[in-house]
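Notes to accompany the following structure.
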Amino acid sequence: MSLLVPVILGSVRSERQGIKAANFIIAKLRERGHEPVLVDPMELDLPLLDKMYKEYPRGEAPEKLERLADLYRRADGFMIVSAEYNHSIPAALKNTLDYFLEEYFYRPSSIVCYSAGRFGGVRDAIALRPVLAEMGMSSLPSVLAIPSIGKALQEDGTSNEPWIDKSAVKFLDEFEWYATALKAKREADGVPG
């Protein structure tokens with residue numbers, strides 16, 4: 001079963017490394033027959049949150065928010081690609097996520113985290129997991145942590161480390177299981193409320 005998966009990137013830095021991790025996971029999702037869609041805060045250029053999407057009168061939200069809302073409503077799960085900034089979540093990622101709420105409900109999320117150092121962004125994943133759960137997109141147990149990202153991945157996302165490709169298999173197996181199960185349940189029974 002093909003899944004529609006927004007890949008939400010969290011960095012807007014000029015020399016960001018996260019695009020490598022996004023390219024890596026997008027390629028892996030495509031290899032499995034899924035439809036990943038990059039959500040890049042640098043391209044979106046959203047201002048700091050003033051009004052959530054749901055706070056606009058119907059049909060009056062900015063066009064880029066309408067496009068994202070449509071994508072998110074059709075999504076089967078979310079892949080979050082996040083750096084670790086001071087042991088926590090990058091501001092651009094949090095801002096991008098906070099524009100929406102109901103559009104995330106009853107869809108799983110998985111975290112691809114990275115850092116320049118040896119911890120691979122796991123402290124960010126710890127901070128990010130309850131945020132995703134509160135938004136209604138349960139964060140799955142497995143995390144794909146990529147340490148030393150500057151050396152680990154090439155610009156196009158190709159791995160320089162065989163263990164990353166191997167880790168991605170289990171990581172994506174878990175994501176597919178949850179996304180497929182929740183998709184079937186949404187289609188069969190709708191959602192509560």
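1 is the number of the first residue of the sequence shown in full-length UniProt numbering; add one for each residue after it. Ideal placement from N, C-alpha and C gives every residue a C-beta, glycine not left out.
Taking all protein chains shown into account, do 16 or more other C-beta atoms lie within 10 angstroms of the C-beta of ASN160, making it buried, or fewer, making it exposed?
-> Here residue 160 refers to the residue found at position 160 when the sequence shown is read from its first residue. Exposed, because fewer than 16 other Cβ atoms sit within 10 Å of the Cβ of ASN160.
Is the Cβ-Cβ distance between ALA145 and SER139 less than 8 Å?
-> Along the sequence shown, read from residue 1 onward, the residue named residue 145 stands at position 145. Along the sequence shown, read from residue 1 onward, the residue named residue 139 stands at position 139. Their beta carbons are not under 8 Å apart, which means ALA145 does not touch SER139 by this criterion.
Does the beta carbon of LEU101 fall short of 7 Å from some heavy atom of the ligand SAH?
-> What this structure holds is no ligand at all, so the ligand SAH is not there to describe.
Does the Cβ-Cβ distance between SER109 and ILE80 come in under 8 Å?
-> As a first step, residue 109 must be located in the sequence shown, where it is residue number 109. As a first step, residue 80 must be located in the sequence shown, where it is residue number 80. The Cβ-Cβ distance between SER109 and ILE80 falls below 8 Å.
Could you check what DSSP says for PHE24 in three-state terms: helix, strand or coil?
-> For this step, residue 24 is matched to residue 24 along the sequence shown. PHE24 sits in a helix when the DSSP states are folded into three classes.
Nearest to GLU103 by CA position, among TYR178, ARG129, ARG74 and LEU93, is which residue?
-> Sequence index remark: in the sequence shown, residue 103 carries index 103 (1-based). Its Cα nearest to that of GLU103, the residue ARG74 stands out among TYR178, ARG129, ARG74 and LEU93.
Going by the beta-carbon positions, is the gap between ALA116 and GLY150 smaller than 8 Å?
-> Counting from 1 along the sequence shown, the entry for residue 116 is found at position 116. Counting from 1 along the sequence shown, the entry for residue 150 is found at position 150. Yes, they are a contact pair.
SER14, buried or exposed, once every other Cβ within 10 Å from all chains shown has been counted against 16 | The count along the sequence shown starts at 1 and reaches residue 14 at position 14. Exposure of SER14 is indicated by the presence of fewer than 16 other C-beta atoms within 10 angstroms of its C-beta.
Output the boundary residues of the beta strand (DSSP E) element that contains TYR114.
-> Mapped onto the sequence shown, residue 114 falls at position 114. Unbroken beta strand (DSSP E) run through TYR114: 109 to 114.
Which first and last residues belong to the beta strand (DSSP E) in which PHE78 is found?
-> Position 78 of the sequence shown, counted from the start, is the residue given in the question as residue 78. Per DSSP, PHE78 belongs to the beta strand (DSSP E) from 78 to 83.
Limits of the unbroken beta strand (DSSP E) element including ALA168 = What you label residue 168 is simply residue 168 of the sequence shown in a count that begins at 1. It is not in any beta strand (DSSP E) - ALA168 instead sits in the alpha helix (DSSP H) that spans 162 to 189.
ILE126 in three-state terms, based on DSSP = Within the sequence shown, residue 126 is the residue found at index 126, counting from 1. The DSSP-derived three-state label of ILE126 is helix.
Are the beta-carbon atoms belonging to LEU3 and ALA179 less than 8 Å from one another?
-> As a first step, residue 3 must be located in the sequence shown, where it is residue number 3. As a first step, residue 179 must be located in the sequence shown, where it is residue number 179. Cβ distance < 8 Å, so LEU3 and ALA179 count as in contact.
Output the boundary residues of the alpha helix (DSSP H) element that contains ILE146.
-> Position 146 of the sequence shown holds residue 146. ILE146: not part of any alpha helix (DSSP H); member of the beta strand (DSSP E) spanning 139 to 146, first to last residue.
Which value, in whole angstroms, describes the spacing of the CA atoms of ASP173 and GLU63?
-> Along the sequence shown, one-based indexing puts residue 173 at 173. Along the sequence shown, one-based indexing puts residue 63 at 63. Straight-line Cα distance between these residues: approximately 34 Å.
Span separating the alpha-carbon of GLY59 from that of PHE100 | Here residue 59 corresponds to residue number 59 of the sequence shown, with the count starting at 1. Here residue 100 corresponds to residue number 100 of the sequence shown, with the count starting at 1. The alpha-carbon separation between GLY59 and PHE100 amounts to approximately 15 Å.
Assuming PHE105 contacts GLY77 under a Cβ cut-off of 8 Å, what Cβ separation, rounded to an integer in Å, is found between them?
-> In the sequence shown, the residue the question calls residue 105 occupies position 105. In the sequence shown, the residue the question calls residue 77 occupies position 77. About 12 Å; that fails the 8 Å criterion.
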